[in-house]
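A.B. asks: Let me begin by handing over the structure; questions about it come next.
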Amino acid sequence: RVFKLNISIFQIRQKVMDYFTKQSWKTAQQHLNTMNHQIQDYRIKKLDKFQFIIIEELENFEKDSQSLKDLEKEFVDFWEKTFQKFNAYQKSEQQRLHLLKTSLDKNVFYNTDYEDTVFTSEMCSMKENMKMLQDRLLKETQEEELLNVRRGLMSLFMAHERNVRV
Numbered sequence: 597r598v599f600k601l602n603i604s605i606f607q608i609r610q611k612v613m614d615y616f617t618k619q620s621w622k623t624a625q626q627h628l629n630t631m632n633h634q635i636q637d638y639r640i641k642k643l644d645k646f647q648f649i650i651i652e653e654l655e656n657f658e659k660d661s662q663s664l665k666d667l668e669k670e671f672v673d674f675w676e677k678t679f680q681k682f683n684a685y686q687k688s689e690q691q692r693l694h695l696l697k698t699s700l701d702k703n704v705f706y707n708t709d710y711e712d713t714v715f716t717s718e719m720c721s722m723k724e725n726m727k728m729l730q731d732r733l734l735k736e737t738q739e740e741e742l743l744n745v746r747r748g749l750m751s752l753f754m755a756h757e758r759n760v761r762v
């Protein structure tokens, strides 16, 4: 009889542990999915911005390329004028390269501060959720043990009263 009771208690505890494990797994999955989604959204936005700048600069490059062709035609007759236009073209190229390098550094080779912040935030949230689940499991286990002690004491006192009356 005691053995069956102990097996029953063990089975109940096993079910509680299974439930806790499933809840922990679900919580971890949810936090990882959230973190992954946020990081992907952030990266996509940065890549879209970089793509927009590239397209814009390609259009500017095509315009400047046409300007260079005009310079080549005027070179023989207007060397001085052509020299000034070439200098303007060179400055434009330097600005473009600087802008592209800055954009590349900012949007593609960015630092991971944002991802670190998201990761830290999700880990803290997951720790809090795990702590709540652990506290609840501990409380339920303690209440169950207290109830078992009360039952044991009650049966002990009842047996003692029966022995005293006899």
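Residue 597 is where the sequence shown starts when you use this note's numbering, and the numbers rise one by one after that. Where a beta carbon is used, it is the ideal one built from N, C-alpha and C, also for glycine. All values reported here derive from a predicted model rather than from experimental measurement.
What are the boundary residues of the alpha helix (DSSP H) that D673 is part of?
C.D. replies: Neither: D673 is in no alpha helix (DSSP H) and is coded neither H nor E.
A.B. asks: Leaving out the 5 sequence neighbours to the left and right, which residues in its chain are closer than 8 Å to V583 when beta-carbon positions are compared?
C.D. replies: Any question about residue 583 goes unanswered here, given that the chain covers just 597 to 762.
A.B. asks: Which of the three DSSP states, helix, strand or coil, is assigned to T848?
C.D. replies: Residue 848 is absent from the model: the chain starts at 597 and stops at 762.
A.B. asks: Among V714, K659, E670 and Q680, which has the Cα closest to the Cα of N629?
C.D. replies: It is V714.
A.B. asks: May I have the straight-line CA-CA distance separating E740 from S620, to the nearest angstrom?
C.D. replies: 22 Å
A.B. asks: Roughly how many angstroms separate the alpha carbons of F606 and I640, rounded to a whole number?
C.D. replies: Their backbone Cα atoms lie some 50 Å apart in a straight line.
A.B. asks: I need the DSSP call for T737, collapsed to helix, strand or coil.
C.D. replies: helix
A.B. asks: Is it buried or exposed for H756, if we count other Cβ within 10 angstroms and need 16 for buried?
C.D. replies: exposed
A.B. asks: Indicate whether E711 and I651 have their beta-carbon atoms separated by less than 8 Å.
C.D. replies: Cβ atoms of E711 and I651: not closer than 8 Å.
A.B. asks: Can you tell me which of the three DSSP states R597 falls into?
C.D. replies: Coil.
A.B. asks: Could you check if E724 is buried or exposed, using at least 16 other CB atoms within 10 Å of its CB as the buried criterion?
C.D. replies: exposed
A.B. asks: Does the distance from the C-beta atom of M722 to that of T623 stay below 8 Å?
C.D. replies: Yes, they are a contact pair.
A.B. asks: To the nearest angstrom, how far is the alpha carbon of D701 from that of E718?
C.D. replies: 27 Å
A.B. asks: So for T698, helix, strand or coil by DSSP?
C.D. replies: helix
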